[in-house]
Every structure is written in structure tokens, then in C-alpha cells.
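Q: Take a look at this one; I'll ask things after.
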Amino acid sequence: IDAHLMIENPERWAPQYAEAGCKSVTFHYEAAKDPGQVIAGIRTAGGLVGMGIKPGTKLETVEDLLPQLDMLLVMTVEPGFSGQSFMADMLSKVKRTREIIGRDDLKLAIQVDGGVSAKTIEQCADAGADIFVAGHAVFRTENPAQACSDLRLLAEQAQSKSWWCGG
Numbered sequence: 148i149d150a151h152l153m154i155e156n157p158e159r160w161a162p163q164y165a166e167a168g169c170k171s172v173t174f175h176y177e178a179a180k181d182p183g184q185v186i187a188g189i190r191t192a193g194g195l196v197g198m199g200i201k202p203g204t205k206l207e208t209v210e211d212l213l214p215q216l217d218m219l220l221v222m223t224v225e226p227g228f229s230g231q232s233f234m235a236d237m238l239s240k241v242k243r244t245r246e247i248i249g250r251d252d253l254k255l256a257i258q259v260d261g262g263v264s265a266k267t268i269e270q271c272a273d274a275g276a277d278i279f280v281a282g283h284a285v286f287r288t289e290n291p292a293q294a295c296s297d298l299r300l301l302a303e304q305a306q307s308k309s310w311w312c313g314g
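Sequential numbering of the sequence shown, starting at 148, is according to my numbering.
So this is what it looks like as C-alpha cells:
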């Protein structure tokens with residue numbers, strides 16, 4: 148289970164999700180008073196650590212935290228509600244994160260969330276994302292399992308040809 152927490156005061160709540168059995172806990176950088184404390188708390192509780200950043204947060208603001216994370220979630224919409232339009236300009240943040248991973252030899256996954264669909268997933272994969280959150284593209288179809296399979300295939304094909312996977 149991966150818990151994506153969109154809450155205030157993650158310092159208090161995030162470690163409890165790991166203690167309850169979540170394998171991975173993702174909190175939002177902007178909601179934390181002390182992101183380092185949240186990271187340490189999740190780790191101490193035995194969880195993998197993900198940190199989300201909103202579209203307005205510059206990657207440089209969180210770059211020093213990347214080595215402490217297992218996953219960086221780049222929001223490709225403003226968090227708050229489902230069904231928003233994909234913000235393609237966030238792909239430069241994904242690409243830059245992938246470059247930092249290569250430069251610093253980090254073990255860091257990149258997740259994108261917001262507006263991910265058959266029309267956008269290839270762009271995300273090519274930019275460097277390797278985990279994709281697709282809400283409407285899956286749950287607003289008649290066959291969610293097929294939608295997942297189709298999205299997975301598109302992402303894998305794009306990754307196989309991408310600059311960062313040696314394509």
C-alpha cells in the first residue's frame with residue numbers, strides 16, 4: 148500500500164501510516180513545517196518515503212532532500228480535486244529530476260499525478276517518470292483493468308525509447 152497524504156501536519160500523522168503497515172508514505176513538501184522530520188519519522192516507522200511537490204514549487208527548493216527520498220511525486224495539476232487538465236509544463240521538472248538522479252546516482256523513483264491519460268502518459272514516461280497515477284483515465288472507463296493495461300503498455304513503450312532508459 149502506498150498512502151498519498153494530502154493533509155496538514157504530516158509530522159504528526161505520516162509515521163502512523165507506516166506503523167499501520169503502509170509500505171510507502173507520500174507527504175506534501177508544502178504541508179510540512181519540517182520535511183526532514185517527516186522523512187525521518189516515516190523511515191523510523193519502517194516505511195519508504197515519498198514527497199510530493201505542487202506545480203508552483205521549484206525543484207531547486209527540494210533538491211537537497213532528494214537523496215533522502217525513495218520517490219518524488221511531481222504534481223501535474225494543482226492538488227485538490229480530480230479531473231483537472233494536465234499541466235505539460237511540469238514535465239521539465241520531471242526531466243530535471245531524472246537528470247539529477249543520473250548525475251548523483253540516486254535510487255529515486257519519479258511519480259506523476261494529475262491528468263495522466265492515454266494522451267499524456269507517453270510524454271510523462273519520456274520525460275523520466277516511472278510511476279503514474281491515473282484516476283479518470285481508469286475509473287471513468289467501462290473496463291478499468293483494460294485501461295490500466297493500455298496505459299502500462301504506452302508507458303513502457305515510451306520508456307524503452309526515451310533518453311533516460313538508453314532508447
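The C-beta atom is built at its ideal place from N, Cα and C for all residues, glycine as well.
Under the assumption that Asp-252 contacts Ser-309 (Cβ atoms under 8 Å), give the Cβ distance between them as a whole number of angstroms.
A: Indexing the sequence shown from 1 puts residue 252 at position 105. Indexing the sequence shown from 1 puts residue 309 at position 162. Actually they are not in contact, since the Cβ atoms of Asp-252 and Ser-309 sit about 19 Å apart, beyond 8 Å.
Q: Around the C-beta of Thr-288, are 16 or more other C-beta atoms found within 10 angstroms, so that it is buried, or is it exposed?
A: Counted from its first residue, the sequence shown places residue 288 at position 141. Counting Cβ neighbours within 10 Å, Thr-288 comes out exposed, since fewer than 16 surround it.
Q: Do Leu-206 and Thr-173 come within 9 Å of each other at the CB atom, strictly closer than that value?
A: Translated into the one-based positions of the sequence shown, residue 173 becomes position 26. Translated into the one-based positions of the sequence shown, residue 206 becomes position 59. It is not a contact, given that the beta carbons lie outside the stated cut-off.
Q: In the DSSP assignment, the beta strand (DSSP E) including Ser-171 goes from what residue to what residue?
A: Here residue 171 is taken as the residue at index 24 of the sequence shown, counted from 1. Per DSSP, Ser-171 belongs to the beta strand (DSSP E) from 171 to 175.
Q: By Cβ distance, which residues of its chain are closer than 7 Å to Ser-229, with the 5 residues on each side in sequence left out?
A: As a first step, residue 229 is located in the sequence shown; it is residue number 82 there, counting from the start. Closer than 7 Å at Cβ, skipping near neighbours: Gly-282 and His-283.
Q: Does the pairing of the region 189 to 203 with the region 151 to 169 give three or more beta-carbon distances under 8 Å?
A: Short answer: they touch.
Q: Unbroken alpha helix (DSSP H) runs of length 4 or more, entirely within the region 240 to 287: which are they?
A: Complete alpha helix (DSSP H) runs here, min 4: 268 to 274 and 283 to 286.
Q: By Cβ distance below 6 Å, which residues in the same chain neighbour His-175 in space, the five residues on each side in sequence not counted?
A: Counting from one through the sequence shown, the residue named residue 175 turns up at place 28. Taken in chain order, the residues that qualify are Gly-199.
Q: With burial defined as no fewer than 16 other Cβ atoms inside 10 Å of the residue's Cβ, what is the status of Ala-153: buried or exposed?
A: By one-based count along the sequence shown, residue 153 stands at place 6. It should be noted that the sequence gives Met, not Ala, for residue 153. Exposed: under 16 other Cβ atoms inside 10 Å.
Q: Within 10 angstroms of the Cβ of Gln-306, are there 16 or more other Cβ atoms? Answer buried if so, exposed if not.
A: Residue mapping note: residue 306 aligns to position 159 of the sequence shown, counting from 1. With 16 or more Cβ atoms within 10 Å of its Cβ, Gln-306 is classed as buried.
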